[in-house]
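Participant: Start counting the sequence shown at 1; every next residue gets the next number (the numbering used here).
This structure is in structure tokens; I'll ask about it shortly.
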Amino acid sequence: MKGFIVKIDGTGKPISPTATSATRGSSSTSSTKPAAASATSGAQIDISGTSSRLRELEATIANVPVVDSARVDEIKQAISDGRFKVNADRVADSLIENVRQMLNARPAT
């Protein structure tokens, strides 16, 4: 099984992994340092089989639509038919809750 080296930039986001020829448990007697470690200041980690599972999950998530088109069409039709009613109390409560969440998420100054 081949290992992967993933670099993480200053934002904490991974930079695309690079396949390595090193395998776990290889019995090499010489200790060699990967060239990338000496060339950059980024940290290196060896990722196990979890990386392939994460790639599968990323692919699955990428294929999920952000918008529920059926629901949008349903609401458009309700507006056109005059059946769509706005619940002002619910809208106000949601706005207040969103503001609370934003204020709680802000770092203290």
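Beta carbons: idealized from backbone N, C-alpha and C, even for Gly.
1) Who does residue 79 pair with in a DSSP beta bridge?
2) Compute the beta-carbon to beta-carbon distance between residue 78 and residue 84, rounded to the nearest angstrom, for a pair I have assumed lies under 8 Å.
3) Sorted by chain position, which residues of the same chain lie with C-beta nearer than 7 Å to residue 70's C-beta, five sequence neighbours on each side aside?
Facilitator: Judging by the given coordinates:
1) DSSP output for residue 79 lists no bridge partner at all.
2) Between residue 84 and residue 78 the Cβ distance is about 4 Å, and since that is below 8 Å, they are a contact.
3) Sequence-distant partners of residue 70 (beyond 5 residues in either direction) whose C-beta falls short of 7 Å from its own C-beta are missing from its chain.
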